[in-house]
Each structure stands twice: as structure tokens, then as C-alpha cells.
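**Q** To convert, count from 1 in the sequence shown and add 197; that's the numbering used here. Quick reminder that beta carbons are idealized off the backbone N, C-alpha and C, glycines included. It should be emphasised that the depicted structure is a prediction, and the values quoted were computed from it without experimental measurement. Shown below is the structure under consideration.
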Amino acid sequence: MIRARRTWATAIAVLTVAGVSPAVAYAQPKPPEVRTAAAANNDDALPPGWQITNTEGEQALEWRSPRPVPTGDARVEFHAGGKLVGVPEPDEDGRTFRLPLDDARTANLADLQVLAAGRRLDQKADSARDGRSPSAAKPPATLPAGSVDPGKPGTYRTVTGEYALDPVRLPGLSAPVEMRGVVVAPKDAKGKRPIALFLHGRHATCYVPGSDEPNIDWPCAKGAKPIPSHRGYLRDQELLASQGYVTVSISANGINGQDGDIEDAGAQARSSLVRTHLGRWADWAAKPSAAPAAVREAPKADLSRVLLVGHSRGGEGVNRAAMDSLYPPPPAQDGYRGKVRWNIRGTVLIGPTIFGHNPVPDVPSLTILPGCDGDVSDLQGQVYADGTRGVSTGKALHSSVYLVGANHNFFNTEWTPGQAQAPSSDDFGADPERPDPVCSPGTATRLTADQQHRAGATYIAAAARLFVAGDDRVRELVDGSDRRAPSADPARVLTHAVGASRGAGFLPDGSVKVTGGRLCSAIDPDPRVACLDSAAGGSSPHFAYWQPERETGRRAVALRWKTPGSAVTVRPAKPLSVKDAKNLALRVFVPPNSTGTQLDVSVTDASGKRANLGRVQVDGLPGSGRTSSYWAREVRVPLTAATRSGLDLRRIASLELTPRTRTGQAWLMDAWAWSPGTPAVQEAPLTRIDLGRLKVKEGDSGVRTYKVPVRASGKGSGTVRLYVLDPATGKAKDRLVTVRPGGGIDVSVQVKGNKRYAWDVSHDLLVKAVRGTVIGSHSGGVIAENDDPMPKVTVKPAADKVTEGQPLKWQVALSAPADVEITSTLTFVPVPDRRELSTKDVDRQWLLDLIGHVPNGEVPLSRLEQANLWASVPAGKTSAEVTVPTVRDQLAEPTEYVGIQSTDDEGKPQGPVLTGTVLNAP
């Protein structure tokens, strides 16, 4: 088997001209483990479970899990040295993940890790690694009830039906996608009714009745049935329908089964599917007689009042659908061709992904963050609130709802054991030997499936009542006002928000000076700069990883004190106006499981007058090393003291936080001038940016310059932050860029041609909104494709007849040098009718490195299971040696022989057998 690799993949490239004798051992079903003679002293050795493979001519970095990895919404990623290496492709076995080497972005494969939403997949979770005594975790105190309870069923009886239309073709997907929806509507309701559309997330697509292993194929194989994930929200639909809403939950198995290698993980496809359904509903509203029976039995839908509800990747899908409805995507990427005949009033995002970190600032949103999410465990959906700060007018309310004790799956009954038709599981998992003190079933903080689903339904109904019906009494349940909806009991639900009637803010992301504390970065490999040290245990949704190893302008204020009274001052570049505001609202978090942190809050105006506004107390959330519990609580202090002290509220120059507890830590996310109310939202004239990808041939000579495809559409002008990634190291350089429709972003890439075989080279760009912009396709670049043939590999004797005690050698030669390492795998084969070289005739350490043990007795090398030799020709070289070290003994023996032969991609021998001869020493 011949393989080519980048020059940095040196972990198993030890069969070099130096003559070191490498080996690789495979022991299925255990993870394959690469072993080398130098492994003990080689920091670059691949960890257990990793190998370099060749599948159908494509070389890849492969990791195999010792147990199946359930299909989920979080994206499985390879990381090394704190950087993203790439997004691997899953194999059908549910355990193996491969990353083509030309997609890898790092120059160092030390410290390889497999992550999904920040959660390690290649090691057992350690609930107690934070050392905070998480066994003491208790549920937060019960909040006072709000003035209304949106979780109470309404007065309408409901009717349920389902429709199935012809499947549709979507760009980037080879198989058509189903057009299926289950409708639950109020019975005998008069007039047009608002509509709520549900979109499920990425889950297994097919199952065979009686089998416990579903898969993610599409279409389903013969004998298998589609998993009806779209029927998992019937309880939520029935609650909304009883309150007068028409609801439809649509199926997206066809996208789930095909989004594994799509750059945006299927976000655009899901948007196209959502808008295609909305387009059909608009058709049916105009011509009811053409509607399916399930739709005709429902009241006419009012498409001017639409709520979108998305779970997991479905959350990212409905966010993109809201964006595409306001700011059209590039036609070549869009699967919906009709006009926008609807108005999306808001979105509900349940445990959502947001791989692009690209929320829609002018569409109100409510994001449910499950505290025991075992799939999207970093709770990256927090970006739907945090990522809108300062981008547009700030009038849309963006609420984060932290649901203590909820997992990822149980919001959908078809993903819930005991309720689902197909096999399902608790995504958080359970380890009887190391139970999690917060999230294991039976703990004081973990919800049952029914409790979780009821709480989720209640807050979906809250969003509908606030965003669609305009009932401002509901706002206190979702905007950090510390009120609860009794229908969600006994769940503990905490909230905070940005936007709505919040005015000027102290934002660490902008131009700000901090004294007494530390202006820290959400994402930075330097622990002196990062907000949260990796050794802290647990993680923060506010600091969810994106793609660059270091992000600019995404910050918080870190406080740490050993004595009370150590003030921290935050001073923006220009004074802020808090005139006409009622309170100052701060989002602050403290370490999980901590209680009683007290801070005095003061402000000073431009003239130097100072007023103490009051004292706040912040408690930590229940947390363990496996949870993302560093999450901000919203606390408010009235501005009356500033008014009484005669401060100029139009020119507040600084904010001061003074700890009053003995020692502690805290992080300030932001502080806002706060007033009650939910203002009407008008979308601003924003510029939309979509990055594209250009594939070019490298050519044989010269240097060619190419521009990265960038589309700028919409209205107005704005600012984005552009990250340009080094194709060899993965390190990013960033800069602010002003954009306007038709203006684009000018990024040029130089491609140097040559006649030597190498990998494709990907020059990647990332973009994020800063001001006056929205981002559709957040990643793109130029791929320079290798157009040179791989050199021919031959193996010939170098020293194939030796006296015992001397090494046998064969030379692996290339017909021409390459710019990447080329490796060949060899195996031992029998030598008929001759005495074979055995395990007693070779170096013991070499044998240990070859197969991991020394067999009992004397075993011919050809009978060793999965004993393979690797020959690696370094980049720029044309040969390397394979060595089999023999040992000299004191026995008189006949001549012994060993056969070696190259193997193909599947490990089967191919090509001629080469024979080595070992003579007895005189």
C-alpha cells in the first residue's frame, strides 16, 4: 500500500534513510495503534487510536473510537496543539473518522484530540477534574412566578394530520430531500391564525425494526424505516395549537443523511427546505383548495405572523432561513426560488449549533441552553445573543434561557428512550463508576424526560406569545427579570438577554480601558490572555470555540480578588448616555457551585461625580467538569442614586465593580442601560457577505494570482472581521474590512506551479460580522489542486543476503521526488519449502515495536498477525530503507529466509515477493 503524506506527518515516518526499523500494529476491534521503535522518545508519535490510511487513493488521518459515536448535531473535529486540524468524515461503522490530509490545517500533530462542541470524544469524561467539589451542587432557588403562564393549554381543541409532497432537489445534495410535515392546528378557530414551523436537528435517519443500531443513510436501505424525528414535537405543537396557532413540524432526514461533508454542515440546505415549506403554505393560503387534506382541516395560516422553532442543527437552519428571508442568499446556493411571502416574527433555538457564529441581529430570538447537553455540550447557541451586540440597531430581543438539568435529546420524543419508535439514548450518557453529580439521572439537578419536555414547551409558547402575539407581560420570563413560568416546574430556568429596550452599554468588545481587573479574550491559546483557563474545569457558553485559535475583539472583564474592596473600573472610549433608563443591567458570572458573591456597583460621570447604585449578589450555576456552567446571570441596580447625586446621565464615563466578599472570581460580560418594554423591530439595511470557494490547478510553472470569491449584497455599508488562515500552520491573521453591496472583499492568493507531486493546498478565509452586516457563508477560499502524478514506487534489495547479526535491507525508491512524504506498507509472506526467519531470529525490541509483544515459542514472521512495515520516503528525497534486524545466536542453523511483499489499500499483498536470506554465522 502506497501512501503520500505531508512532511509534518512524521509520527510514523521512521523508516527513513537512517535505517530505523518502524512497524505498525492493528488489533481490531480495539483502536488501531501506531507503534514505532522511536515512539518512547518521540513526542510526535501518533496517540493510540490514530493512523494514516489510504482509502481509494486518498490519504487520510484516521481516528477510530473504541465504541460507536452516536449521530448528533455537534460537529466532530480533529484538533492538535490547541488548533483545529479539520473536520473528518464519518465512516458507516459509526466509529471511524477520516480527515483527508490535504484538508488538514496544522503543521504539528502533537496532542491530537477529537472534539465535538468542546467535548472530548477520545477520552473518558472526568466529572471531578475541576476540583470544585461538584457533589455539593444544588438546584438554584425557585424564582417568583410571573404575571402570566404561557405553558397553560388554551381553549381550542386540536386536529392533527400529515402531508407528504414530491421531494425536492437542493444544491450540494445528490439525493432529493423529502417534503413531509405533521400539522397540528386549532379546531374551529375563526379567521387567519399565526403559524409556527418546527425543524428537528441532526439525528440518525433510518432504523431496522428489532435492531439497536440506527444509521444515517439516505435514502433508507431496503428493510429499514425512516426515523420520524419530525413527530417528536407533537406535545409542543398541541400546546401552541390549543392557544390558536397553526403548527407544522417538517422532516429533514434527507439533509441529515447528506450533510456530513458540506462546509456549512447543511445550514443553507435547511434554510432552503424551511422556505420551500413556507412557500407552499403561502400558496395554500392563496388557494386553499390546492392544499393537502391535513392543511385544509386547519384554519388558514397567517404568513405575516411566523414563528420558526429549530432544534440543534435545525436551530441553525431556522436562523439561516430568517436571514435568507430578509437578505437573499447567492442563487447558486439556494434551493428556494420563489418570492418571500411571509414575515418571520421570531425564532426559538433549542440546544442549537452555530458553526458560522452568524446570528441574525434584527429577528428576535429565544435560545434554550440545556445545562446537561451531551451533544452540543459547549452550548455554542449563546452566540445567538452575544453575537448580536453592536451589530445592528439592538432593538430585537435576544434571550438566552438556561435550563438546568436538561439534556439535548429529550426535547424530541422520537429521540427519547421509552417514547421513540427507533432506538434512542440519553446523550449525556451515564458512567456507573463515575456518575456526574449534576447530570446523571437521579441527581437533584437532573430533569426527567417529561419534566424537560414540559419546560421546553412552556418556553416555546412564551416566545410565541411575546414575539408573535406581542404580549409584553411574557417578557419578564425570558429577559433576566428573575420570574418563572409555573408550568415549567420543577425545572429551574434562568434567563438573561440583550437588545429590546436596552440602551447604551459598557461592552468589553469595543474600545475600553480596564483598571484593577483584566480585559480578557474569549478565545486565545495564551492562558495569560484567555478569560477562562482550560484547567478551570467545565466551560463557558460565552467563550464557545469558533475556528481560529485566537479571536480578536471577543472579550470580557475578569475579576479576581483576595480581599474585599478591590475595585475594578471599566472606562469606555467615550462617555455613555443612560438618560431615561430605569436600571443598569449587568451580565455577570461566577464559578459554578459558588454562592453569595457580592459586588457594589458604582458609576462616575464625565465631571468626576460618583454614585454607588447598589449591591448585587451572584450565585454560580450547578456545574461539573463536563458541563458548560460558567454562564452569566443578569443583575440590575436602579439608577435613582445617580439621579439623586446629580450625575450627568448623558455622560457616564466609567463603571466600577467592588467585591464585598472575602475572595473570589467573577467575569463581566457587559452592562446596559435598561428600561422595560419590547419595542417594535424593523430590519436595518445591512450588507450581507458570502464567501465562496475557487478550485484551480497549480500548473507546471510560474506563479498565478487568484481572488477569493466574495459576494456582497443587501443595503448600506458595514464592517466585518476577516481571518486569513496560513495553509501550512493554520494560524490566522485578522483585519477589519469595510464592506458595501457590490464592493466585496479583495483577497488575493498566489499559487506556485511545479511538476512535483504534492497535496492540494487550501487557502482559507473566515469572516464574522462586526457592524452593519450579516454573514451567510462564513468560510471560503482558494484550493490549489495538485495536477502532478504520484511517483512510481519500487522496492528492491539493498542487503537481502546477510549473516545473522546483520540487518536485512530493502530500498524503497521513487521514480521522482515529491513535495510530500510517500510511504509504502510491506507485509511478511511465507517462503514455500524453506526454513523461515522467526521471532527468535530478530531483535527483541524491534519485535515489541512491531506487534506490541513477544510471542511464546518460535513463530515464523509470516505467521504474525497484522505485522506491517512502513517505508517512508521524505519529501524531496527519492529513497528510504526497510530494515529487519537479525540477531546472532550460538546455535548451528541452516540458512533461513523471509519474504516481504507490498500491500494494497486493504492490506492485501500485491506485486512481487522479495526474499531475504540469513546465513548462519561461522
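Can you tell me whether DSSP reads Gly511 as helix, strand or coil?
**A** In the three-state scheme derived from DSSP, where H, G and I count as helix and E and B as strand, Gly511 is classed as helix.
**Q** Three-state secondary structure (DSSP) at Thr645?
**A** coil
**Q** Assuming the contact rule is C-beta atoms closer than 8 Å, Leu1116 and Leu1066 should be a hit. Round their C-beta distance to whole Å, please.
**A** About 22 Å separates the two Cβ atoms, so there is no contact after all.
**Q** Which ranges does the alpha helix (DSSP H) cover as unbroken runs of at least 4 residues, wholly within the stretch 413-467, from first to last along the chain?
**A** 431-439 and 450-453
**Q** What residue range is occupied by the uninterrupted beta strand (DSSP E) comprising Thr692?
**A** Secondary structure note for Thr692: its beta strand (DSSP E) is the uninterrupted segment Val690 to Val695.
**Q** Measuring alpha carbon to alpha carbon, tell me which of Asp887, Ala1015, Val515 and Leu370 ends up nearest Leu962.
**A** Asp887
**Q** Given a cut-off of 8 Å, decide if Val767 and Arg798 are closer than it, judged by their beta-carbon atoms.
**A** Checking the sequence, you will find Val at residue 798 rather than Arg. It is not a contact, given that the beta carbons lie outside the stated cut-off.
**Q** For Asp575 versus Pro789, is the C-beta distance shorter than 8 Å?
**A** no
**Q** Ignore the nearest five residues each way along the sequence and tell me which others in Ala641's own chain have a CB closer than 7 Å to its CB.
**A** Lys335 and Pro336
**Q** Using the beta-carbon count (16 or more within 10 Å), is Asn1053 buried or exposed?
**A** exposed
**Q** Residues bridged to Ser779 by DSSP?
**A** Here the sequence assigns Lys to residue 779, which means Ser is not the residue at that position. Lys779 is not bridged to any residue.
**Q** State the CB to CB distance for the pair Leu810 and Leu781, rounded to an integer number of angstroms; the pair is presumed to be in contact (CB under 8 Å).
**A** 6 Å
**Q** Give me the DSSP bridge partner(s) of His276.
**A** Leu281 and Gln310
**Q** Looking at the secondary structure, which residues open and close the alpha helix (DSSP H) in which Leu1044 lies?
**A** Taken as a continuous stretch (DSSP letters only), the alpha helix (DSSP H) holding Leu1044 covers Arg1041 to Ile1048.
**Q** What is the C-beta distance between Ala697 and Pro876, in whole angstroms, given that I count them as a contact (C-beta under 8 Å)?
**A** 7 Å
**Q** Who are the near neighbours of Val171 in its chain, counting only those whose CB is closer than 7 Å to its CB and skipping five residues on each side?
**A** It is not possible to answer for residue 171, since the shown part of the chain is limited to 198 through 1119.
**Q** Could you give the C-beta distance for Val665 and Gly543, rounded to a whole number, given that I count them as a contact under 8 Å?
**A** 7 Å
**Q** Classify Lys998 as buried or exposed, calling it buried when 16 or more other Cβ atoms lie within 10 Å of its own Cβ.
**A** exposed
**Q** Terminal residues of the continuous beta strand (DSSP E) containing Thr855?
**A** Ile849 to Pro856
**Q** For the stretch 599-613 and the stretch 745-763, state whether three or more C-beta atom pairs, one from each stretch, are separated by less than 8 Å.
**A** no
**Q** Excluding sequence positions up to five away, which residues of its chain have a Cβ less than 6 Å from the Cβ of Arg625?
**A** The sequence shown places Phe at residue 625, rather than the Arg named in the question. Cβ neighbours of Phe625 beyond the five flanking positions: Cys569, Gly571, Asn604 and Cys636.
**Q** Nearest to Pro1004 by CA position, among Val1095, Val946, Gly978 and Ala658, is which residue?
**A** Val1095
**Q** Give the range of the beta strand (DSSP E) segment to which Thr991 is assigned.
**A** Val990 to Ala996
**Q** Between His960, Pro819, Ala1015 and Gly348, which lies nearest to Arg651 when the distance is taken from Cα to Cα?
**A** Gly348
**Q** Would you kindly check if the distance between the Cβ of Pro373 and the Cβ of Gly451 is under 8 Å?
**A** yes
**Q** Give me the Cα-Cα distance between Ala1064 and Ser1099, rounded to the nearest whole angstrom.
**A** When rounded, the distance between both Cα atoms is 12 Å.
**Q** Pick out the complete beta strand (DSSP E) segments inside the stretch 1054-1118, 3 residues or longer, and give them in chain order.
**A** 1064-1070, 1076-1082, 1093-1100 and 1106-1116
**Q** Tell me the start and end of each unbroken alpha helix (DSSP H) in the stretch 325-401 that is at least 4 residues and wholly inside, in chain order.
**A** none
**Q** For a quick check, are the C-beta atoms of Gln744 and Ala314 less than 8 Å apart?
**A** no
**Q** If you draw a straight line from the alpha carbon of Lys771 to that of Ser851, how long is it in whole angstroms?
**A** 9 Å
**Q** Would you identify the three-state DSSP class for Asp802, choosing helix, strand or coil?
**A** strand
**Q** Does DSSP classify Val405 as helix, strand or coil?
**A** coil
**Q** Can you give me the Cβ contacts of Val560 inside the same chain, cut-off strictly under 7 Å, excluding the 5 residues immediately before and after it?
**A** Ala519, Ile541, Gly543, Thr544 and Ala593
**Q** Under a three-way DSSP split, which group does Leu674 fall into?
**A** helix
**Q** Taking the C-alpha atoms as reference points, what is the distance between Gly714 and Gly750?
**A** 17 Å
**Q** Using a Cβ-Cβ cutoff of less than 8 Å, which residues in the same chain neighbour Thr840 once the five nearest sequence positions on both sides are dropped?
**A** Within the same chain, Thr840 has close Cβ partners Leu846.
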